[in-house]
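Take a look at the structure below.
This is how it looks when you write it as structure tokens:
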């Protein structure tokens with residue numbers, strides 16, 4: 601990701617090319633702002649955590665659709681970090697860096713169970 605311009609890039613190992621997957625300046629009412637942490641799923645989907653914004657993890661589907669996947673409410677002084685799947689791909693983990701308290705010691709880690717797209 602390039603956070604300053606809210607772009608998400610994907611590297612294609614087969615072609616050795618870097619392609620633009622998302623650019624918030626190309627859509628009206630962008631669903632994803634403050635792009636930060638990213639995780640690729642086995643399905644080809646990209647999960648992007650926002651730094652600020654609506655405290656969402658958005659999905660960029662392999663066919664290019666961008667949509668919110670989940671939102672954390674009540675933690676406006678925090679940001680979502682570290683999305684990762686377990687090896688089986690049926691559990692998603694992520695953290696809210698400062699949780700509900702806004703304190704650096706108030707972080708919360710979440711587990712979301714699937715199934716997710718294969």
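Residue numbers (my numbering): 601 to 718. We put the beta carbon where it would ideally sit given N, CA and C, even for glycine. Model, not experiment: these values are computed from the prediction.
Subject >> Straight-line Cα distance separating residue 708 from residue 644 >> reply: 27 Å
Subject >> Of the listed residues 672, 665, 646 and 705, nearest to residue 652 (C-alpha basis) >> reply: 672
Original post:
Helix, strand or coil for residue 604 per DSSP?
Top reply: helix
Original post:
Could you give the distance in angstroms between the alpha-carbon of residue 655 and the alpha-carbon of residue 676?
Top reply: 8 Å
**OP:** With distances taken Cα to Cα, identify the nearest neighbour of residue 688 among 658, 668 and 715.
**Re:** 715
Original post:
If you follow the beta strand (DSSP E) that residue 685 is part of, which residue opens it and which one closes it?
Top reply: 680-685
Original post:
Rounded to the nearest angstrom, how far is the Cβ of residue 691 from that of residue 713, given a contact under 8 Å?
Top reply: 6 Å
Subject >> Sequence-distant residues of its chain with Cβ nearer than 6 Å to residue 619 (five each side left out) >> reply: 610
Subject >> Entirely enclosed beta strand (DSSP E) segments - the region 633-690, minimum 3 residues >> reply: 635-640, 646-650, 656-660, 666-671 and 680-685
Original post:
What is the rounded straight-line gap between the Cα of residue 686 and the Cα of residue 693?
Top reply: 8 Å
Original post:
Are there 16 or more other CB atoms within 10 angstroms of the CB of residue 717, so buried, or fewer, so exposed?
Top reply: exposed
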